[in-house]
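S.K.: Numbering (the working numbering), first residue to last: 85 to 154.
Backbone N, C-alpha and C fix where the C-beta goes; we use that ideal spot for every residue, glycine too.
This is the structure I want to talk about, given as structure tokens.
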């Protein structure tokens, strides 16, 4: 099972992405959020295999979250 954290500030798009990704039985969305700061917290606490990050988000951008992961 592949565990994923998804961060997208547009709610409709985020919900659609969650539904599409979860159609694959091998992928599990363990957390989804609309802010970069929450995404960072979820990544730290859940240690996902993959993080899908929007570039422009409130608080922290996807690129800022990526730099924290490194």
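What do you reckon, are the CB atoms on residue 130 and residue 87 nearer than 9 Å?
M.R.: Taking the chain shown and counting its residues from 1, the one referred to as residue 130 is at position 46. Taking the chain shown and counting its residues from 1, the one referred to as residue 87 is at position 3. Against a cut-off of 9 Å, the Cβ pair of residue 87 and residue 130 comes out as a contact.
S.K.: Whole angstroms is fine: what's the gap from residue 134's alpha carbon to residue 124's?
M.R.: Counted from its first residue, the chain shown places residue 134 at position 50. Counted from its first residue, the chain shown places residue 124 at position 40. Roughly 13 Å separates the two Cα atoms.
S.K.: Check the C-beta distance from residue 139 over to residue 146 and give it rounded, since I have them as a contact under 8 Å.
M.R.: Residue mapping note: residue 139 aligns to position 55 of the chain shown, counting from 1. Residue mapping note: residue 146 aligns to position 62 of the chain shown, counting from 1. Between residue 146 and residue 139 the Cβ distance is about 5 Å, and since that is below 8 Å, they are a contact.
S.K.: Please report how far the alpha carbon of residue 127 lies from the alpha carbon of residue 91, in whole angstroms.
M.R.: Mapped onto the chain shown, residue 127 falls at position 43. Mapped onto the chain shown, residue 91 falls at position 7. If you take the alpha carbons of residue 127 and residue 91, they lie about 10 Å apart.
S.K.: My output table needs one value for residue 104: the three-state DSSP class, helix, strand or coil.
M.R.: In the chain shown, counting from the first residue as 1, residue 104 sits at position 20. Residue state, collapsed to three classes: helix.
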